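Student: Be aware that the sequence shown starts at 1, since it is given in full-length UniProt numbering, and climbs by one per residue. All C-beta atoms, glycine included, are put in the ideal place defined by N, C-alpha and C. Note that the coordinates shown come from a computational prediction; the quantities given were computed from them, not determined experimentally. A single structure is presented below for examination.
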Amino acid sequence: MEITITSDKENVLLNRREVGFDIVFNGATPSRKMVHAKLAAMLNTPKDQLVIGSLQNRFGMTQITGDARIYTSAENLKKIEPEYILKRGMVGEEENNADAQDAPSGDAAEAS
């Protein structure tokens with residue numbers, strides 16, 4: 001998977017950088033988690049300050065076009081980004097915690 005930055009714009013009003021990128025890959029389409037991790041490493045930013053806005057796979061090609069937003073702090077990210085984007089961008093432990101909260105407890109299942 002090779003990521004190429006196509007645009008990098010500073011948005012002072014929202015305290016963030018807006019980055020456009022292209023991905024060329026072989027085999028299966030990379031997951032959002034893989035793209036998020038590689039992009040964070042490539043741009044030297046903490047994972048909790050980076051959110052991927054969109055990933056668009058080009059039909060019949062092994063190429064993806066996407067955009068990401070890098071905030072100055074995690075608090076700014078949570079204030080500005082919609083909740084569904086935050087849920088979509090959850091990585092690692094946060095996903096496991098959300099799954100554990102949604103699952104019914106063993107005591108409630110036995111009582112039924």
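In terms of residues, what are the limits of the alpha helix (DSSP H) holding L43?
Tutor: That run of the alpha helix (DSSP H) goes R32 to L43.
Student: For A74, count neighbouring C-beta atoms within 10 Å of its own C-beta (all shown protein chains included) and say buried if the count is 16 or more, exposed if not.
Tutor: Answer is exposed; the Cβ neighbour count stays below 16.
Student: Determine the contact status of T45 and I70, defining contact as a CB-CB distance below 9 angstroms.
Tutor: Yes, they are a contact pair.
Student: Considering only residues of the same chain and omitting the five flanking positions on each side of L50, which have a CB-CB separation below 7 angstroms?
Tutor: For L50, where only same-chain residues beyond five positions count, the Cβ hits under 7 angstroms are H36, L39, A40, A68 and I70.
Student: Of all Cβ atoms in chain B, is any one closer than 9 angstroms to the Cβ of G89?
Tutor: Here chain B cannot be found, since the structure has a single protein chain.
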